[in-house]
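Protein sequence lines correspond, in order, to chains A and B. Letter by letter, the first sequence follows residues 0 to 105 of numbering that gives the first Met the number 0. Letter by letter, the second sequence follows residues 0 to 206 of numbering that gives the first Met the number 0.
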Amino acid sequence: MTDEMSTRKINSFQKQKNKQEMQRMVVSFALMIIFTLIAFALVMLEVPSTYVIPIILLLAFVQVGFQFFYFMHLKDKGHEVPSQIIYGGVFITVMVALTFTVITWW
Amino acid sequence: MSHDHSIDPKNMPKDPSKATTEGKHKFMGLWIFLGGETVLFACLFGTYLALRNSNAGGPTTQELYGLGLVFLMTVLLLTSSLTSVYAIYHMKNNDFKKMQLWMGITALLGIGFLACEIYEFAHYIHGYGFTFRSSAFGSAFYALVGFHGGHVAFGLSWIITLMVRNAKRGLDLYNAPKFNTFALYWHFIDVVWVFIFTVVYLMGMVS
Chain A
0 MTDEMSTRKI NSFQKQKNKQ EMQRMVVSFA LMIIFTLIAF ALVMLEVPST YVIPIILLLA
60 FVQVGFQFFY FMHLKDKGHE VPSQIIYGGV FITVMVALTF TVITWW
Chain B
0 MSHDHSIDPK NMPKDPSKAT TEGKHKFMGL WIFLGGETVL FACLFGTYLA LRNSNAGGPT
60 TQELYGLGLV FLMTVLLLTS SLTSVYAIYH MKNNDFKKMQ LWMGITALLG IGFLACEIYE
120 FAHYIHGYGF TFRSSAFGSA FYALVGFHGG HVAFGLSWII TLMVRNAKRG LDLYNAPKFN
180 TFALYWHFID VVWVFIFTVV YLMGMVS
């Protein structure tokens, strides 16, 4: 009861803003599901590995971008330092993955 | 408590999780932690990429993996990421009951994910005799996927504790940052899973 009351008292402009943001979140979720479906479908249809591996890796990076920038708000103001931390982490991940792939290539 | 952390609904802060200095510090601290987690998982992914074909005569990735279960797990975890966004949406609208409801749904989806993973591991061990000690591939696989599953288990105990502890308190500026840091952590778990299903399972099926 008291919760209902307090919810109604919130500034309606701010509430509208929150609602718009939530709609964007649902759209990015739908896109993430679509990317997942494409990735699984490509593998199930047995597309040649030369094409399928770069495509599914690209899809994974785009999906993770949605997760970071929308769900985790990295696109918003006040997220400059967290963004730098994550860019650094992604850089190290790519370097490590490349290193370990290359040393076991043959 | 020396400070009053209750929320004035008429003057609701834009983001209750960052309205106090402590909340801001929790937010930054969690991101620094996630930076460390990225490097940790980078090492596990690198190890897996190097050892995934060293199966010592045991089952190969193509013989072992089944895409149906992995797809189900992906949908469960991806949806739980969205439900925690809903929970934070209701937090910003000062609606504690709905926030608890959506956090509860998040936890249930997480439990579903973990149950699938336990089933998967049991299936590999009993159906194929594929264990942590079978081969270098076995060690690398269970270290990477098991570490992620351990993170899910930790996240579940985190949110369930938070929900029970604050059930009668309602939302205030002291516990809002705690719920928010959990949501960020949970999204990160999903980020790691996106790479696991791509690099481990999908790439394991094509190579």
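Yeah, the Cβ is synthetic: ideal placement off N, Cα and C, and Gly gets one too.
Fill in: Contacts of W157 (chain B) in chain A (Cβ-Cβ under 9 Å)
For the purposes of this step, residue 157 (chain B) is taken as the residue at position 158 of the second sequence. Neighbours of W157 (chain B) on chain A: none; closest Cβ ~17 Å, over 9 Å.
Item to complete: Check each candidate in B:L183, B:G126, B:V205, B:T59 and name the one with the smallest Cα separation from F136 (chain A).
Response: The structure shown does not extend to residue 136 (chain A), since chain A is modelled only from 0 through 105, so no value can be given for it.
Worksheet item: Any Cβ of chain A within less than 9 Å of the Cβ of K130 (chain B)?
Response: Along the second sequence, read from residue 1 onward, the residue named residue 130 (chain B) stands at position 131. Correcting the residue identity first, residue 130 (chain B) is Thr in this sequence and not Lys. No, T130 (chain B) lies away from the interface with chain A (no Cβ there is under 9 Å from its Cβ).
Discussion item. Measuring CB atoms only, is the region 54–62 of chain B touching the region 155–163 of chain B, in the sense that at least three cross pairs come out at less than 8 Å?
Written reply: no
Worksheet item: By how many angstroms is the C-alpha of M71 (chain A) removed from the C-alpha of S82 (chain A)?
Response: By one-based count along the first sequence, residue 82 (chain A) stands at place 83. By one-based count along the first sequence, residue 71 (chain A) stands at place 72. Here the C-alpha atom of S82 (chain A) lies approximately 10 Å from the C-alpha atom of M71 (chain A).
Discussion item. I believe G88 (chain A) touches G34 (chain B) by the beta-carbon criterion, under 8 Å. Please report the beta-carbon distance rounded to the nearest angstrom.
Written reply: For this step, residue 88 (chain A) is matched to residue 89 along the first sequence. For this step, residue 34 (chain B) is matched to residue 35 along the second sequence. Going by Cβ atoms, the distance from G88 (chain A) to G34 (chain B) rounds to 5 Å, so yes, they are a contact pair.
Discussion item. Is it buried or exposed, N79 (chain B), if we count other Cβ atoms within 10 angstroms and call 16 or more buried?
Written reply: In the second sequence, counting from the first residue as 1, residue 79 (chain B) sits at position 80. One point to set straight first is that residue 79 (chain B) is Ser, not Asn, in the sequence displayed. So S79 (chain B) ends up on the buried side.
Worksheet entry | Cβ neighbour criterion (16 or more within 10 Å) applied to L44 (chain A) | Position 45 of the first sequence holds residue 44 (chain A). Answer is exposed; the Cβ neighbour count stays below 16.
Worksheet entry | 4 or more residues per run - each alpha helix (DSSP H) lying fully within the region 69–101 of chain A | none
Worksheet item: What first and last residue would you give for the alpha helix (DSSP H) that runs through E45 (chain A)?
Response: For the purposes of this step, residue 45 (chain A) is taken as residue 46 along the first sequence, with counting starting at 1. No alpha helix (DSSP H) contains E45 (chain A), which DSSP labels as neither H nor E.
Practice prompt. Determine whether the Cβ of V63 (chain A) lies closer than 9 Å to any Cβ atom of chain B.
Written response: On the first sequence, residue 63 (chain A) is found 64 positions in, with the first residue counted as 1. True, the Cβ-Cβ gap to chain B drops below 9 Å.
Discussion item. Cβ closer than 8 Å: which chain A residues qualify as neighbours of L68 (chain B)?
Written reply: Sequence index remark: in the second sequence, residue 68 (chain B) carries index 69 (1-based). Going along chain A, no residue has its Cβ under 8 Å from L68 (chain B), so there is no contact; the nearest lies around 12 Å.
Worksheet item: Sorted by chain position, which residues of the same chain lie with C-beta nearer than 8 Å to A114 (chain B)'s C-beta, five sequence neighbours on each side aside?
Response: Walking along the second sequence from the start, residue 114 (chain B) turns up at place 115. No residues qualify anywhere along the chain.
Worksheet item: Using the rule of at least 16 other Cβ atoms within 10 Å of the residue's Cβ for burial, across every protein chain shown, is D3 (chain B) buried or exposed?
Response: For the purposes of this step, residue 3 (chain B) is taken as the residue at position 4 of the second sequence. Per the 10 Å Cβ criterion, exposed.
Worksheet item: In angstroms, rounded to a whole number, what distance separates the CA positions of I91 (chain A) and F196 (chain B)?
Response: Position 92 of the first sequence, counting from 1, holds the residue named residue 91 (chain A). Position 197 of the second sequence, counting from 1, holds the residue named residue 196 (chain B). Answer to the nearest angstrom: the Cα atoms are 20 Å apart.
Discussion item. Considering only their Cβ atoms, is the gap separating F178 (chain B) from A106 (chain B) smaller than 9 Å?
Written reply: Position 107 of the second sequence, counted from the start, is the residue given in the question as residue 106 (chain B). Position 179 of the second sequence, counted from the start, is the residue given in the question as residue 178 (chain B). The beta carbons of A106 (chain B) and F178 (chain B) sit no closer together than 9 Å.
Item to complete: Taking only the alpha-carbon atoms, compute the straight-line gap between M0 (chain B) and Y173 (chain B) and give it to the nearest angstrom.
Response: Position 1 of the second sequence, counted from the start, is the residue given in the question as residue 0 (chain B). Position 174 of the second sequence, counted from the start, is the residue given in the question as residue 173 (chain B). Bear in mind that a pLDDT of 49 at M0 (chain B), under 50, signals an unreliable position, so the number given afterwards is only what the model happens to contain. If I take the Cα positions, the gap works out to 10 Å.
Practice prompt. Tell me whether the beta-carbon of V61 (chain A) lies closer than 9 Å to the beta-carbon of F34 (chain A).
Written response: Indexing the first sequence from 1 puts residue 61 (chain A) at position 62. Indexing the first sequence from 1 puts residue 34 (chain A) at position 35. Yes, they are a contact pair.
Worksheet item: Taking the alpha-carbon positions, what's the E116 (chain B) to D94 (chain B) distance?
Response: By one-based count along the second sequence, residue 116 (chain B) stands at place 117. By one-based count along the second sequence, residue 94 (chain B) stands at place 95. Spanning the two alpha carbons is a distance of roughly 33 Å.
Worksheet entry | S11 (chain A), DSSP secondary structure in three states | Indexing the first sequence from 1 puts residue 11 (chain A) at position 12. Note: S11 (chain A) maps to helix in three-state DSSP.
Practice prompt. Compare the C-alpha of A209 (chain B) against each of B:G28, B:L29, B:I6 and name the closest.
Written response: As shown, chain B starts at 0 and ends at 206. That puts residue 209 (chain B) outside it, with no answer to give.
Worksheet item: T30 (chain A) CB to nearest chain B CB: under 9 Å?
Response: If you number the first sequence from 1, residue 30 (chain A) lands on position 31. Correcting the residue identity first, residue 30 (chain A) is Leu in this sequence and not Thr. Not closer than 9 Å to any Cβ of chain B, the Cβ of L30 (chain A) fails to qualify, so no.
Worksheet item: Since L44 (chain A) meets chain B, which of its residues come closer than 7 Å, beta carbon to beta carbon?
Response: Position 45 of the first sequence, counted from the start, is the residue given in the question as residue 44 (chain A). Those do not exist, as L44 (chain A) stays about 11 Å from chain B at its closest Cβ, beyond 7 Å.
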